[in-house]
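Using the working numbering, the first residue of the sequence shown is number 858, and each one after it goes up by one.
Virtual Cβ for every residue (Gly too), placed ideally from N, Cα, C.
These numbers come from a predicted model, not from an experiment.
Down below is the structure, laid out as structure tokens.
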Amino acid sequence: MSNSQPIGIFDSGVGGTSIWKEIHELLPFEKTIYLADSKNAPYGEKPIEEIKNLSRKNTEKLLDMGAKIIVVACNTATTNAIKDLRNEYSIPFIGIEPAIKPAALKSKSKTIGILATRGTLTSTLFSQTSDFYARNINVVEIEGRGLVELIEAGELDSPQMKSLLLKLLEPFFVNKIDYLVLGCSHYPYLIPILKELLPKEVIIIDSGEAVARQTKSILELNNLLLKEEPGERPIPEFFSNTNPKVLGNLTEAVKYGYKVDYLDF
């Protein structure tokens, strides 16, 4: 394994680009390859074994493309499959899970909200994390049913999105949460509209920065961090197994000259 090889990142669709952005900002000279498995989105509605098999498929493709480390930029895949991936492959894996700990520790009202997929909310890892860090906290869990589909369709600012969010957020209003944890890598793209709809005192937390820092730490630990900055920054590569237009728009590919292509995987 060479430190010049790329960081591989996969998600059940375009949402994990929110994680990619944090990694790219922290490690701008590292090569990155991003796989958007939009054909199978959302993972949160699928049986556990199917989630594991899809995660293996994405892992195999990134290994074929030379990845030196793999970031599972999907909460559902992390909470249901990362243990198996680490057991089956020798490459380092970085996972992403809801940031329950900081929300629970910082909450003054002792009431926090979790917006996540069903696959994440029903996973053993999520339950263990919640039980450990939020024992004395009122945790209001909401399944964001329908949100991933709208984001994948490029409907971030649509009337349908606002209507759906108003319906989903109602329990958070009623329970007067002071922290909202985003438990899906698609959801950071909703932060502007969430800030518009939620009370101003509600603080929104996602895991992107923490995942980027952990990626750097694990690269250093395994002597895989790129030690010398190349003359030019490498061009990030993005691949989708459906129409890559939404992926290109979210990453502002045209603006920055990123590579965004269709790939059957």
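For residue i and residue j, I'd like the C-alpha separation in whole angstroms.
i     : j     : result
K963  : G872  : 26 Å
N944  : T916  : 13 Å
K914  : F950  : 15 Å
K888  : L1055 : 37 Å
T1072 : A960  : 22 Å
L1023 : I971  : 15 Å
T986  : A973  : 14 Å
V997  : E1085 : 46 Å
R1070 : I880  : 8 Å
F886  : G1088 : 9 Å
T1099 : P1091 : 25 Å
S1020 : R1002 : 13 Å
P1045 : I939  : 22 Å
T1108 : E907  : 28 Å
G865  : E1058 : 37 Å
Buried or exposed: which applies to residue i, given that a residue is buried once 16 or more other Cβ atoms fall within 10 Å of its Cβ?
i     : result
T874  : buried
T1076 : A small fix is needed here, since residue 1076 is Leu in this sequence, not Thr. Buried: at least 16 other Cβ atoms inside 10 Å.
L942  : buried
P955  : buried
G1114 : exposed
F1029 : buried
E1009 : buried
Could you tell me which of the options sits nearest to residue i, measuring between CA atoms?
i     : options                       : result
K925  : L1004, L1082 and C931         : L1082
S895  : P904, L1007 and L942          : L1007
E1174 : L884, F867, L982 and F989     : The structure shown has nothing for residue 1174, since the chain only spans 858 to 1122.
I999  : E1027, F1096 and E1109        : E1027
K1033 : I866, G952 and T968           : T968
Y900  : V1117, N1106, L1004 and V1111 : L1004
Y990  : K958, E1012, A1010 and Y1044  : K958
K1116 : E902, A1010 and F1096         : F1096
G976  : K903, Q862 and G923           : K903
So what's residue i in DSSP terms, helix, strand or just coil?
i     : result
E1066 : helix
D1118 : strand
A938  : helix
G952  : coil
A991  : coil
V928  : strand
T968  : strand
A1010 : coil
For a quick check, are the C-beta atoms of residue i and residue j less than 9 Å apart?
i     : j     : result
P1093 : I890  : yes
N860  : N1080 : yes
K1164 : F983  : Absent from the model: residue 1164. The displayed extent of the chain is 858 to 1122, so no value can be given.
I953  : S1042 : yes
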